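A.B. asks:
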Amino acid sequence: MSQYAQLADMREAFGDEELVLVTTPEGQPRETIDVSRVNTELVTASAEIDSYLRQRYQMPINGTDPMIARVCCDIARWRLWNRSDVEPSNAVRGGYKDAVAWLKAVNVGNVTLDGEIAINVGTDFSNFVARRPAFVGRGP
C-alpha cells in the first residue's frame, strides 16, 4: 500500500496551528505537531482510499493525480479531529463527505484517474451460446 500524502501536504493544506490543536492531548501544552499521529492517520486514510480504488484500478496506484493527495489529507484531517478533544467544524465534516463522494464516483466510473491502469470492470461481456448440430449422422 502506498501513502498518498505526507506531513508536508497536511501542513500546506491546513496549517501548523490546526495540526498542533488536533494532535495534542487535552491538558498538554499545544506547542508542536505530533508527527506520528499525523502519519498514522495518513496511512489509514490511504488504506481507505485503496478500499474504494481496488475495485476499478490495478493496485498499487501510482498516486500522481493531485486529487488523491487532497482526498487523503481531507480523510486524515477528519480522523484527527474525531480523535481530538475538539469538536470538528462543518468544513471538516464537509471535506470528508466530499472526499468520500469523490471516491465513490471513481469507484463507479464517473471519474477517472489519469495515468492509472483500469482493470476490466465492465458488465458487457460476450455471451456464447452453443447451437445443436444441424445434422447428426448415424454410425454404421
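Under the UniProt record's numbering, the residues of the sequence shown are numbered 1 to 140, in order.
Even glycine gets a Cβ: it sits at the ideal position worked out from N, Cα and C.
If you're wondering where the values come from, they're calculated on a predicted model, not measured in any experiment.
(1) Bridge partners of Ala105, per DSSP?
(2) Give every residue of the same chain whose Cβ lies closer than 8 Å to the Cβ of Asp65, excluding the five residues on either side of it in the sequence, and list them in chain order.
(3) Sort Ala45, Arg30 and Gly27 by Cα distance to Leu7 and report the nearest one.
(4) Can you give the beta carbon distance from Cys72 to Leu42, rounded, assuming they're within the 8 Å contact cut?
(5) Identify the residues that DSSP records as bridge partners of Ala118: which are they?
(6) Grab the span of the alpha helix (DSSP H) containing Asn110 for me, first residue to last.
(7) What's the call for Asp85, buried or exposed, on a 16-neighbour Cβ count within 10 Å?
C.D. replies: Once the coordinates are examined:
(1) None; Ala105 has no bridge partner.
(2) Leu113, Asp114, Gly115 and Glu116
(3) Ala45
(4) 6 Å
(5) Tyr57
(6) Careful: Asn110 lies outside any alpha helix (DSSP H) and carries neither H nor E.
(7) exposed
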